[in-house]
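See structure below.
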Amino acid sequence: MKMSEKFNKPYDPKQNEEKIYKQWESSGYFNPDNLPAFPDGTPREQSWSCIMPPPNANGSLHAGHALFVTLQDIFTRFERMRGKRALWLPGADHAGFETQVVYEKKLAKEKRSRFQMSREELYKEIWDFTQYNKQFMEGQIKHLGASCDWSREKFTLDDDIVQIVYDTFKKLSDDKLLYRGLRSINWCPKHQTGLSNLEVSYEERTEPFYYIQYGPFTIATARPETKFSDKYIVVHPDDDRYAKYKHGQTFDVPWINGTITATLIKDKAGNPEMGTGAMTITPWHSEIDFDIAKRHNLDYEQIIDERGKLLPVAGEFAGMSIKDARPKIVEKLKELGLLIKIDEKYEHSVPLCYKCKREIEPQLKEQWFIKMSPLANRAREAIEKKDVKFVTERHKRIALHWLENLEDWNISRQIAWGIPIPAKICQDCGEGMIDLNNDVKKCQKCGSKKLEKDPDTFDTWFSSGQWPFATLGYPDKNDYKEFYPTNLMETGHDILFFWVLRMIMLGLYRTNKVPFKTVYLHGLVRDAKGIKMSKSKGNVISPLEISDKFGTDALRMALVVGNTPGTDLNLDPNKVGAYRKFANKLWNVARFVIMQVAEIDNLPNLDEENQIYRNLQNFVDEVTDDIQNYRLHLASEKIYHYIWHTFADKILEESKPILQGDDKKAAAIQARLLFEMLKIQLKILHPFMPFITETIWQELPEKDSDFLMVAFWPKK
RNA sequence: GGGCGAUUAGCUCAGUUGGCUAGAGCGCCACUCUUACAAAGUGGAUGUCGGAGGUUCGAGUCCUCCAUCGCCCACCA
Numbered sequence: 172m173k174m175s176e177k178f179n180k181p182y183d184p185k186q187n188e189e190k191i192y193k194q195w196e197s198s199g200y201f202n203p204d205n206l207p208a209f210p211d212g213t214p215r216e217q218s219w220s221c222i223m224p225p226p227n228a229n230g231s232l233h234a235g236h237a238l239f240v241t242l243q244d245i246f247t248r249f250e251r252m253r254g255k256r257a258l259w260l261p262g263a264d265h266a267g268f269e270t271q272v273v274y275e276k277k278l279a280k281e282k283r284s285r286f287q288m289s290r291e292e293l294y295k296e297i298w299d300f301t302q303y304n305k306q307f308m309e310g311q312i313k314h315l316g317a318s319c320d321w322s323r324e325k326f327t328l329d330d331d332i333v334q335i336v337y338d339t340f341k342k343l344s345d346d347k348l349l350y351r352g353l354r355s356i357n358w359c360p361k362h363q364t365g366l367s368n369l370e371v372s373y374e375e376r377t378e379p380f381y382y383i384q385y386g387p388f389t390i391a392t393a394r395p396e397t398k399f400s401d402k403y404i405v406v407h408p409d410d411d412r413y414a415k416y417k418h419g420q421t422f423d424v425p426w427i428n429g430t431i432t433a434t435l436i437k438d439k440a441g442n443p444e445m446g447t448g449a450m451t452i453t454p455w456h457s458e459i460d461f462d463i464a465k466r467h468n469l470d471y472e473q474i475i476d477e478r479g480k481l482l483p484v485a486g487e488f489a490g491m492s493i494k495d496a497r498p499k500i501v502e503k504l505k506e507l508g509l510l511i512k513i514d515e516k517y518e519h520s521v522p523l524c525y526k527c528k529r530e531i532e533p534q535l536k537e538q539w540f541i542k543m544s545p546l547a548n549r550a551r552e553a554i555e556k557k558d559v560k561f562v563t564e565r566h567k568r569i570a571l572h573w574l575e576n577l578e579d580w581n582i583s584r585q586i587a588w589g590i591p592i593p594a595k596i597c598q599d600c601g602e603g604m605i606d607l608n609n610d611v612k613k614c615q616k617c618g619s620k621k622l623e624k625d626p627d628t629f630d631t632w633f634s635s636g637q638w639p640f641a642t643l644g645y646p647d648k649n650d651y652k653e654f655y656p657t658n659l660m661e662t663g664h665d666i667l668f669f670w671v672l673r674m675i676m677l678g679l680y681r682t683n684k685v686p687f688k689t690v691y692l693h694g695l696v697r698d699a700k701g702i703k704m705s706k707s708k709g710n711v712i713s714p715l716e717i718s719d720k721f722g723t724d725a726l727r728m729a730l731v732v733g734n735t736p737g738t739d740l741n742l743d744p745n746k747v748g749a750y751r752k753f754a755n756k757l758w759n760v761a762r763f764v765i766m767q768v769a770e771i772d773n774l775p776n777l778d779e780e781n782q783i784y785r786n787l788q789n790f791v792d793e794v795t796d797d798i799q800n801y802r803l804h805l806a807s808e809k810i811y812h813y814i815w816h817t818f819a820d821k822i823l824e825e826s827k828p829i830l831q832g833d834d835k836k837a838a839a840i841q842a843r844l845l846f847e848m849l850k851i852q853l854k855i856l857h858p859f860m861p862f863i864t865e866t867i868w869q870e871l872p873e874k875d876s877d878f879l880m881v882a883f884w885p886k887k
């Protein structure tokens with residue numbers, strides 16, 4: 172036997188990785204349907220599946236993507252080697268709002284704006300943009316070694332996916348879990364769309380709190396600019412200070428733009444602890460106020476427009492932005508003698524658009540809402556019964572808590588980029604009607620024929636929340652029957668609420684089964700110093716650059732070793748460098764062992780009773796147990812340590828005298844031992860460092876499968 | 001206002017159900033170009049495991065309190 176000439180030193184990842192990936196791809200083994208049978212000829216029967224969280228098709232991969240690709244690939248390769256029909260299904264997400272925001276930034280750079288374009292033009296442009304990104308992204312995922320089945324790849328805007336999403340929408344309506352309602356929603360004045368509660372972030376601010384004379388009352392507010400037409404004053408029914416006034420009593424109140432008639436409302440929403448215990452309400456721009464108005468059947472009026480400017484009701488202030496108007500209004504209140512005092516140290520949290528950080532301006536809008544509590548209750552039950560298990564106990568607790576008091580979910584978005592909501596809106600009475608086949612011609616409520624298509628699109632999470640069963644072809648495709656429920660959902664803990672829990676709720680709702688049996692949540696990938704990566708800070712580490720420099724295998728190890736589930740990880744290039752060294756170490760170990768074997772003509776059989784060999788088998792069992800229990804951080808470190816400090820440092824060193832001694836038979840036996848041990852080590856390391864292990868495997872003079880990728884996991 | 005996590009070598013972090021004479025990588029010191037490997041090897045220094053109590057034969061690991069940092073949740077006019 173002779174060593175291949177390309178078995179050079181040191182190990183060069185670039186020379187091998189791309190080539191190996193192409194070989195894997197053309198082998199067809201990423202597709203579970205093509206996997207070879209067991210050595211004794213029995214076919215693979217047990218299935219295992221994982222759906223890839225579809226990356227947003229709006230940019231290149233970041234370190235977080237590299238982490239999930241690595242983790243999921245490890246599990247997939249492990250299960251495949253254990254003889255399962257392993258399916259890892261890849262996809263891409265149109266990522267509605269997120270993508271539109273990215274695209275709007277691009278437009279802004281080009282001095283363009285979406286408000287100068289038709290919806291159709293915008294949609295078309297973003298479509299081309301995502302198609303380009305999607306392709307680019309797939310190449311990057313391949314670069315990271317992902318052994319996913321590309322033949323089953325899905326996009327959230329594929330026709331069959333959209334059809335399933337529409338069916339769910341209809342079913343929710345039939346089951347009375349969907350309604351169209353006028354409600355206060357989180358409106359972003361910049362992006363011109365409503366947002367779900369999850370898409371609002373809060374910031375603690377200290378702002379002035381104004382005490383204003385309102386007839387016989389003193390009210391307190393942080394937002395005087397909303398108060399123009401306030402004509403209801405609300406106090407708690409049990410507030411003694413106001414016991415002398417009666418519910419429904421009216422007062423003539425000198426107000427900002429003249430005298431108005433105010434009505435007293437006694438409602439439990441009034442908080443005696445807050446300010447003076449008396450407040451006026453602005454139902455159009457506050458959810459609480461709107462709820463009060465509904466309870467008492469009060470009038471409401473829009474004060475601020477969608478762009479955050481004051482409407483004509485503001486009189487002389489009309490057309491001004493809130494920010495500009497506030498000090499001027501305060502000035503006028505002062506002139507009118509209505510301003511009593513200002514508390515400068517009022518601390519409260521201000522709702523902001525999670526993308527642009529502008530203040531959310533609540534607006535009343537007709538939107539589609541999903542009633543969450545029935546869905547949430549089922550999800551809680553499934554989690555409590557452990558139909559869905561969480562690898563990290565604390566995320567389970569967080570999940571259960573979140574599911575306890577879920578508000579209804581606004582799934583309407585006023586953006587072009589997304590799945591259009593299949594509905595018509597009556598222009599006369601405002602009734603919204605589901606219209607899957609474009610055959611609703613007149614209003615089901617008032618009979619009017621003036622119907623318009625609902626211009627809105629779905630919240631992107633409404634469609635991605637159906638991803639597991641939709642990608643597998645619910646309800647009748649073979650993949651659905653075989654692979655659903657999936658085994659593993661691996662994703663970032665930051666989208667536990669956005670995605671994971673929505674999938675559990677919608678999955679249970681649609682299929683009566685949980686969408687996945689186990690949830691593994693990883694943390695955020697930060698930079699070497701533990702600072703969150705961001706483009707503005709300029710500390711973004713590109714996984715592709717790191718991979719080019721150190722090799723994908725090294726990057727993968729750096730992402731896994733010491734990275735406990737759910738905890739944030741600092742990605743330090745030095746750490747990646749350490750695993751490049753390890754790759755080189757393994758390379759040289761393999762060279763040495765193959766060199767020894769190459770000098771022997773007839774290798775004897777392995778002595779399976781050999782103690783060193785048995786120790787390795789025990790070690791394999793331990794590592795197998797770690798992987799099965801999602802302790803990749805331990806498994807990877809142990810394998811690293813075994814290969815370097817047990818096998819290379821001790822076993823190989825102690826073998827040298829035997830190998831080079833006079834007893835040729837003993838040398839041959841020892842060579843066989845080392846060779847078999849090398850193969851086992853390659854196998855158990857393969858899920859973590861697939862490229863180098865496969866490269867070495869293909870240089871072996873004797874192997875038990877054409878590709879290491881489909882070799883069988885060692886066991887006693 | 002509620003909840004959660006972290007605090008271990010100079011730095012970044014592991015340490016699964018209590019058994020650790022506490023580990024890894026990087027960094028540091030000394031010596032070695034010994035044909036698997038200088039992207040290496042051999043040897044070495046460095047820690048009252050945030051603080052105070054407690055449970056235990058035994059605690060980095062469990063309990064209580066405290067301190068510092070970080071995160072999440074919550075319709076506080």
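Under my numbering, the first residue of the first sequence carries the number 172, and numbering increases by one thereafter.
From the three backbone atoms N, C-alpha and C, an ideal C-beta is built for every residue, glycine too.
Touch check for the stretch 714 to 725 and the stretch 218 to 235: three-plus C-beta pairs under 8 Å? yes
Look up Ala594 in the DSSP assignment and give the residues it is bridged to. Ile605
Using only alpha-carbon positions, find the residue among Thr866, Tyr784, Glu870 and Phe790 that is nearest to Leu844. Tyr784
One question on the structure: do Val747 and Leu726 come within less than 8 Å of each other, judged by their Cβ atoms? yes
Within the same chain, show all residues whose beta-carbon is closer than 6 Å to that of Ala641, passing over the 5 residues directly before and after it, in chain order. Ile332 and Ile335
Taking 8 Å as the cut-off, decide whether the C-beta atoms of Ala237 and Met308 are in contact. no
Nearest residue (CA-CA) to Ile765, options Ile798, Pro736 and Gln841: Gln841
Glu602 and Gln615 closer than 8 Å at C-beta: yes
Taking DSSP as the reference, what is the three-state secondary structure of Lys703? strand
DSSP three-state label for Trp588, please. coil
With 16 as the cutoff for other CB atoms within 10 Å, does Arg565 come out buried or exposed? exposed
Alpha carbon to alpha carbon, how far is Asn776 from Ala769? 15 Å
Element boundaries [alpha helix (DSSP H), containing Glu189]: Pro184 to Ser198
Pull up the DSSP beta-bridge partners for Thr392, would you. Tyr381
Cutting at 6 Å between CB atoms, please list the residues of its own chain near Ala485, excluding the five before and the five after it. Phe399
Rounded to the nearest angstrom, what separates Lys835 and Asp792 at their Cα positions? 33 Å
Given a cut-off of 8 Å on the beta-carbon distance, is the pair Trp195 and Phe878 in contact? yes
Report yes if the CB atom of Pro360 is closer than 8 Å to the CB atom of Glu555, and no otherwise. no
What's the gap between the Cα of Lys624 and the Cα of Pro593? 8 Å
Unbroken alpha helix (DSSP H) run spanning Lys341, endpoints: Asp330 to Asp345
Please check the pair Ala553 and Leu574, which I expect to be a contact at CB under 8 Å, by giving their CB distance rounded to whole angstroms. About 10 Å separates the two Cβ atoms, so there is no contact after all.
Helix, strand or coil for Ile427, going by three-state DSSP, please let me know. coil
Which same chain residues, not among the five before or five after Gly905, have their C-beta less than 8 Å away from its C-beta? With the chain running from 172 to 887 in the structure shown, residue 905 is simply not present.
Going by beta carbon distance, what residues of the same chain come within less than 6 Å of Gln788, once the five residues before and after it are set aside? Lys887
May I have the straight-line CA-CA distance separating Cys221 from Thr563, to the nearest angstrom? 18 Å
For a test of the three-state rule: what should DSSP assign to Thr213, helix, strand or coil? coil
Name the DSSP beta bridge partners of Thr662, please? Leu692
Quick check: the Cα distance between Asp606 and Lys499, rounded to an integer number of angstroms? 48 Å
Beta-carbon proximity check, Arg283 vs Pro203, cutoff 8 Å: no
Alpha carbon to alpha carbon, how far is Phe790 from Lys560? Give it in angstroms, no decimals. 27 Å
Top-ranked residue by Cα proximity to Lys516, from Ala393, Lys621 and Gln473: Ala393
Short check: CB of Leu742 to CB of Ala699, under 8 Å? yes
For the alpha helix (DSSP H) that contains Trp358, what are its first and last residues? Not the alpha helix (DSSP H): Trp358 falls in the beta strand (DSSP E), residues Leu349 to Cys359.
Alpha helix (DSSP H) containing Met676: first to last residue? Arg673 to Thr682
For Asn229 versus Thr327, is the C-beta spacing smaller than 8 Å? no
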